[in-house]
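There are 2 protein chains.
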Amino acid sequence: MTLTLEEIAKLAGVSRSTVSRVINNQPNVKEDVRDHVWQVVREQNYHPNNAARALVRRRTQIIGLVIPQAIKAIFSDPYFPVLIQGISAACVECHYQLMLSLITSQMSDAYRRIIRGGHLDGVIVASAFTDDDVFINRLVSDGFPFVLIGRQPQRPDITSVDADNVHGAAMAVQHLARQGYTRIATITGPLTMTAGIDRRDGFLSGLRTAGMTLQDGFMVEGDFTEQGGYEAMQRLLSLDVRPQAVFAASDMIAVGAMKAVRAAGLRVPEDVALVGFDDIPLASAVEPPLTTIRQPIEQLGHTAASILLDNLARSQDGDGNIPPQRIVLPTELVLRESCGFGMRYKNSR
Amino acid sequence: MTLTLEEIAKLAGVSRSTVSRVINNQPNVKEDVRDHVWQVVREQNYHPNNAARALVRRRTQIIGLVIPQAIKAIFSDPYFPVLIQGISAACVECHYQLMLSLITSQMSDAYRRIIRGGHLDGVIVASAFTDDDVFINRLVSDGFPFVLIGRQPQRPDITSVDADNVHGAAMAVQHLARQGYTRIATITGPLTMTAGIDRRDGFLSGLRTAGMTLQDGFMVEGDFTEQGGYEAMQRLLSLDVRPQAVFAASDMIAVGAMKAVRAAGLRVPEDVALVGFDDIPLASAVEPPLTTIRQPIEQLGHTAASILLDNLARSQDGDGNIPPQRIVLPTELVLRESCGFGMRYKNSR
DNA sequence: GCAAGGTGTGGGAGCGCTCCCAAAAAGAGT
DNA sequence: ACTCTTTTTGGGAGCGCTCCCACACCTTGC
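Heads up: the sequence lines are chains A and B, in that order. Numbered per my numbering, the first sequence spans residues 49 to 397. Numbered per my numbering, the second sequence spans residues 49 to 397.
If you want it as structure tokens, here you go:
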């Protein structure tokens, strides 16, 4: 059923080599021969066998997206679909395919299965946790091409693409400060995740920029879930001196926090202003709509894939040493109502 | 760097064939030889080259997930991540890998790229639109192994796995009817999508079961988005005789509808009761929490992949004719507050 | 003791392609 | 016309594996 190069060659009345040259767009084939071969290829609906090609070329034209720890929490927001869209778009542009590997099982098993065996020319690692470094160190020591989405605190020497969590968080705080709030608290994400750490650091730096200091009890650790946000906010509300504004390290946290505020008989933003992070669809759907920091997720994916694919092409051209690069894409403040912006109320007290 | 079978053989002091037999768990190798070979394989961290293997075996151990039309609308809810988790789990169990193909470009190009060339042993097609039949018919005529997630109205003869949209919708209506509502309307999804059609059909059948008929203007077409739901609800509210309860064909529609109700100065569920479909996280986060129909998304993916993988294994064993099967997984009513259940109010008028 | 049947083991062939080199064809220059 | 170069074409080798067949080496049973 499925034809080989040789058979196409016979049908076209030329040699294997010539057909190979044609389908690979190599030079030194007469124009009319080239056209004729293409015609035969088209009408036979021929496509070269990828396995055979991969065997000799040592290239599969497949990159992998590795997601260590496919936790439900992450999967309950649309981060990954959007990321994948970005990656996929870059792959299509470069005629690459995308393989998906959710790592749940034994790390070393997974590593062998995914990386060795040569299915993949390179991988994009969506790193969320600081302890993904096991996997990453292995990649580095094997010299396997990869790009990180996110950041590994221990490894500033590897190519990565990340959203500017630090600056995003700082923007959020400064926006709150500019509106006159002086008692600003934060509910952080888990500090085992780089996003959690960076957003906290950004919060603290924003506070400093605004000339403020962190007040007692004004930083509580959540876990990027609604439930966590709810409980964290309860603790904040039980303080003797309540915060006027809270920066939540994720929208899910913010939604939980909002419910806690309401459950305590208080209002958002009149009693407690709220800013989230991520700009998930839910952020604009809640009442009041949530002011938040948007990260360019699709662009994150697209950029990571482009860099990886570019590096792959360069290393194929013998371009030996590719210096690592760290790219940080800007985040953006999305103004809605939960931060109290535009309220007459804003500068009182 | 990367070792071959032959080199492992030399290191172990046996032949290529013996190593091959060992790593493929074939019989007729002495126990001590087998152990020794395994040991060498382990310590050299050897993994057979997949391309070479695929070339001779005509099997890549990769299946594809094909998503025709990667529209943002679909990607803004966590349907796909969960689906992928289910598929991925089944793949891991069977030592298969998962390739992801979002089809955005020219259909025939995409088909060639994805299906021919032999990267894939089979595919799972996530079919949402009725006009995906172009792709599917091609698959059928090429005899390429695949399983559909969803349903193709024109092709009842192919293996598919779907959620019971019809019964789910019927349950929703019956629940509403049981609470005493007599004026029940629906906002459908787009009727170019099978889920849209099936949920509408289920709505109508549920209405019949409850002994009711569709009242004038009580069915308006939405498009599975919040905006669409908002506008559709406005039309419903502008009717001379307003519905008491509305079945929205998706949670996003329901959320939009909820906002429209509120914008009109009315309350959910007191003035208009609401039931959604999907049970996305947003459903439990809105005020009031949304009663909805949950579909077993992860199980959908797992089942589809298992069937495909099973068929693949059977066809390898020469088990020629595999009859198509259509699997419909049950949906479930998730009671929350938007439907007015538990209100004293419920049986009035 | 020897044929008849296992059980292990090694090596050839070949999967479908690309790469390389040599041969043929076509120009270019005298 | 003839050589020298350049373009075009064809076929061999080999990528790393599996499959098959042949050959060893053991058992048995008479």
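Note that CB positions come from ideal geometry on N, CA and C, so glycine has one too. Note that the coordinates shown come from a computational prediction; the quantities given were computed from them, not determined experimentally.
Taking 7 Å as the CB-CB limit, is E380/B close to chain A? Numbered from its first residue, the second sequence carries residue 380/B at position 332. False, the Cβ-Cβ gap to chain A never drops below 7 Å.
Selected residue, minimal CA-CA separation from Y278/A, among G244/A, T240/A and T236/A: Locating residue 278/A in the first sequence gives position 230, where the first residue counts as 1. Ranking G244/A, T240/A and T236/A by Cα distance to Y278/A puts T236/A first.
First and last residue of the beta strand (DSSP E) that includes Q145/B? If you number the second sequence from 1, residue 145/B lands on position 97. Here the beta strand (DSSP E) through Q145/B covers Q145 to I151.
What in chain B is Cβ-close to M147/A, meaning under 9 Å? The residue labelled residue 147/A in the question sits at position 99 within the first sequence. Within chain B, the residues near M147/A are I110, Q145, L146, M147 and L148.
Rank V214/A, D210/A, L377/A and D157/A by C-alpha distance to the C-alpha of R398/A and give the top, closest one. Outside the displayed range of chain A (49 to 397) lies residue 398/A, so it cannot be described from this structure.
Using a C-beta to C-beta distance shorter than 7 Å, which residues of chain B count as neighbours of A353/A? In the first sequence, the residue the question calls residue 353/A occupies position 305. In chain order: nothing, as chain B lies at least about 12 Å away.
Which ranges would you report for the alpha helix (DSSP H) in the stretch 166-204 of chain A if only whole runs of at least 4 residues count? 181-190
Cross-chain neighbours of S136/A in chain B, by beta carbon under 9 Å: In the first sequence, counting from the first residue as 1, residue 136/A sits at position 88. When 9 Å is used as the limit between beta carbons, S136/A is near these residues of chain B: A118, L148, S149, L150 and T152, in chain order.
If we count the other Cβ atoms within 10 Å of its Cβ and call it buried at 16 or more, is H350/A buried or exposed? Taking the first residue of the first sequence as position 1, residue 350/A is located at position 302. That one is buried.
Out of Q373/B, I341/B and E346/B, state which residue places its alpha-carbon closest to the alpha-carbon of L356/B. Residue numbering aside, residue 356/B sits at position 308 when the second sequence is read from its first letter. Per the C-alpha coordinates, the member of Q373/B, I341/B and E346/B positioned closest to L356/B is Q373/B.
Any beta-carbon of chain A closer than 7 Å to the one on H95/B? By one-based count along the second sequence, residue 95/B stands at place 47. True, the Cβ-Cβ gap to chain A drops below 7 Å.
Which partner residues does L255/B have in the DSSP bridge list? Here residue 255/B corresponds to residue number 207 of the second sequence, with the count starting at 1. Paired residue(s): none; L255/B is not in a bridge.
Check distances from the C-beta atoms of the stretch 331-351 of chain A to those of chain B and list, in chain order, the residues that come in under 8 Å. A333, V334 and E335
Exposure label - L146/B; buried when at least 16 CB within 10 Å: Indexing the second sequence from 1 puts residue 146/B at position 98. The C-beta of L146/B has 16 or more other C-beta atoms within 10 Å across all chains shown, which makes the residue buried.
Closer than 7 Å, Cβ to any Cβ of chain A: which residues of the stretch 297-308 of chain B, in chain order? V303
At least one CB of chain A closer than 7 Å to the CB of F272/B: is that the case? One-based indexing of the second sequence puts residue 272/B at position 224. Not closer than 7 Å to any Cβ of chain A, the Cβ of F272/B fails to qualify, so no.
Closer than 7 Å, CB to CB, is F251/B near chain A or not? By 1-based counting over the second sequence, the position of residue 251/B is 203. It does not; no Cβ of chain A falls within 7 Å.
Considering Cα atoms alone, identify which of F295/A, A297/A and G265/A is closest to D288/A. Looking up residue 288/A in the first sequence gives position 240. Closest by alpha carbon: G265/A.
Would the stretch 330-342 of chain B count as touching the stretch 172-185 of chain B if we require 3 or more Cβ pairs under 8 Å? The stretch 330-342 of chain B makes no contact with the stretch 172-185 of chain B: fewer than 3 CB pairs, one atom from each, lie closer than 8 Å.
Quick check on H143/A: buried or exposed, where buried means 16 or more other Cβ atoms within 10 Å of its Cβ? For this step, residue 143/A is matched to residue 95 along the first sequence. With fewer than 16 other Cβ atoms within 10 Å, it is exposed.
Determine the direct distance from the alpha carbon of I206/B to that of S63/A, and round the result to whole angstroms. Residue numbering aside, residue 63/A sits at position 15 when the first sequence is read from its first letter. Residue numbering aside, residue 206/B sits at position 158 when the second sequence is read from its first letter. S63/A and I206/B: Cα-Cα distance of roughly 41 Å.
3-residue-minimum beta strand (DSSP E) runs that sit fully inside the stretch 258-306 of chain A, ordered along the chain: 267-269 and 293-296
Measuring alpha carbon to alpha carbon, tell me which residue in A280/A, R283/A, F194/A and F295/A is nearest A225/A. In the first sequence, residue 225/A corresponds to position 177, counting from 1. The option with the nearest alpha carbon to A225/A is F295/A.
If we ignore side chains and look at the alpha-carbon of each, how far apart do E346/B and V195/B end up? Looking up residue 346/B in the second sequence gives position 298. Looking up residue 195/B in the second sequence gives position 147. So the alpha carbons of these two residues sit roughly 15 Å apart.
Would you say A102/A faces chain B, with C-beta separation under 7 Å as the test? Start at 1 with the first residue of the first sequence, and residue 102/A comes out as number 54. A102/A counts as touching chain B.
Could you check whether the stretch 270-285 of chain B touches the stretch 307-322 of chain B, counting it as contact only if at least three pairs of C-beta atoms, one from each stretch, sit closer than 8 Å? yes
Buried or exposed for D212/A, please, with buried defined as at least 16 other CB atoms from any protein chain shown within 10 angstroms of its CB. One-based indexing of the first sequence puts residue 212/A at position 164. If you draw a 10 Å sphere on the C-beta of D212/A, you find 16 or more other C-beta atoms in it, and that means buried.
Could you give the C-beta distance for D299/A and G324/A, rounded to a whole number, given that I count them as a contact under 8 Å? In the first sequence, counting from the first residue as 1, residue 299/A sits at position 251. In the first sequence, counting from the first residue as 1, residue 324/A sits at position 276. That belief holds up - the Cβ atoms of D299/A and G324/A are roughly 4 Å apart, short of 8 Å.
Contacts around R248/A, its chain only, beta-carbon distance under 6 Å, and the 5 residues preceding and following it disregarded: The residue given as residue 248/A occupies position 200 in the first sequence. Counting only Cβ-Cβ distances below 6 Å, and skipping sequence neighbours, we find T236.
With V334/A and V382/A assumed to form a contact (beta carbons below 8 Å), what rounded beta-carbon distance in angstroms separates them? For the purposes of this step, residue 334/A is identified with residue 286 of the first sequence, where counting begins at 1. For the purposes of this step, residue 382/A is identified with residue 334 of the first sequence, where counting begins at 1. Contact doesn't hold; Cβ gap of about 13 Å is too wide.
When you compare the stretch 77-84 of chain B with the stretch 101-108 of chain B, are there three or more beta-carbon pairs, one atom per stretch, that lie closer than 8 Å? no
Just grab the DSSP bridge partners of M241/A for me. The residue labelled residue 241/A in the question sits at position 193 within the first sequence. In the DSSP output, where bridge partners are listed per residue, M241/A has F177/A.
Who are the Cβ neighbours of Y127/A in its own chain at under 7 Å, not counting the five residues just before and after it? Reading the first sequence from its first residue, position 79 is the one you call residue 127/A. Excluding positions up to five away in sequence, the list reads I345.
Assigned exposure category for A361/B - 16 Cβ within 10 Å defines buried: Taking the first residue of the second sequence as 1, we reach residue 361/B at position 313. So A361/B ends up on the exposed side.
Checking 7 Å against the spacing of the C-beta atoms, do A138/A and A353/A come in under that value? Mapped onto the first sequence, residue 138/A falls at position 90. Mapped onto the first sequence, residue 353/A falls at position 305. Closer than 7 Å, so yes.
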